[in-house]
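Data block below; observations after.
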Amino acid sequence: MARRSDYSARFPYSPERVYSALSDPDHWEARMSEMRKYSENHVEEFTVTDSGIELVLHHVIPRTELPEIAQSVIKKDMIITRTESYGPFDVTTTGRYEASIPAGPGSLSGTMSLFESTPGCTLRTSSEAKVNLPFIGGKLEEMILSNLVEVFRTEAAITADWLARQ
């Protein structure tokens, strides 16, 4: 059974300004640079067109830093490929993401919505984790979603800081 969670990042900036950051390669490099304090990260692909934003991120988490329950399943460093796409800017801009681990026993995906709120705007991410392992699947799903909220929280702080410096 899959588990779900939502995370909302609130920014004191307009949706246009946050979308502009999401479409700026310097923002993504600043994000990856900060995230490298925790593990190896880089932007593999980045494209902005009239249709929106497409990117591929790679995150590497050393096996030794994984919780014991995850080490029982993952025998090498965990390499996460995360794809994100955002539609063109609109009153509510929507997007999708997927994260995959080679030979991983499950899936992680979600949707994003960027919209005006008071004051500024909100970037809401709704995630779904599914781990197809008897007995420990549910615990791994909870762990993934809990850690994911921390990642989103850190990324939102980096984005807010980047916008404040622009």
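For what it's worth, the UniProt record's numbering labels the leading residue of the sequence shown as 1, then goes sequentially.
The beta carbon of each residue, even a glycine, is placed where N, CA and C say it ideally should be.
Just so you know, these numbers come straight off a predicted model, no measurement behind them.
Close-in-space but distant-in-sequence residues of the same chain around residue i (CB under 8 angstroms, 5 per side omitted)
i            : result
aspartate 50 : Pro88
valine 131   : Pro105, Gly106, Gly137, Gly138, Leu140, Glu141 and Ile144
glutamate 45 : Glu54, Leu55 and Val56
Reduced DSSP secondary structure (H/G/I, E/B, other) of residue i
i                : result
leucine 55       : strand
alanine 129      : strand
phenylalanine 11 : strand
glycine 87       : coil
Counterpart residues of residue i in DSSP-defined beta bridges
i           : result
aspartate 6 : Ser126
Sequence-distant residues of the same chain with beta carbon closer than 7 angstroms to residue i, five excluded per side
i           : result
residue 238 : The requested residue 238 is not part of the displayed model; the chain covers only 1 to 166.
Cβ neighbours of residue i in the same chain (closer than 6 angstroms, five flanking residues each side left out)
i            : result
leucine 133  : Pro105
histidine 27 : Ala21 and Trp162
If you pair each beta-carbon of the stretch 120 to 134 with each one of the stretch 12 to 23, do three or more pairs fall below 8 angstroms? A contact exists between the stretch 120 to 134 and the stretch 12 to 23.
Complete runs of the beta strand (DSSP E) confined to the stretch 101 to 126 [at least 3 residues]: 106 to 116
Stretch-stretch touch, CB-based, cutoff 8 angstroms, three pairs: the stretch 140 to 149 with the stretch 63 to 83: Yes, the stretch 140 to 149 is in contact with the stretch 63 to 83.
If you scan the stretch 24 to 85 from start to end, which runs of the beta strand (DSSP E) of 3 or more residues do you find wholly inside it? 40 to 49 and 52 to 61
Is the stretch 80 to 87 touching the stretch 41 to 60 in the sense that three or more CB pairs, one from each, lie closer than 8 angstroms? The stretch 41 to 60 makes contact with the stretch 80 to 87: 3 or more CB pairs, one atom from each, lie closer than 8 angstroms.
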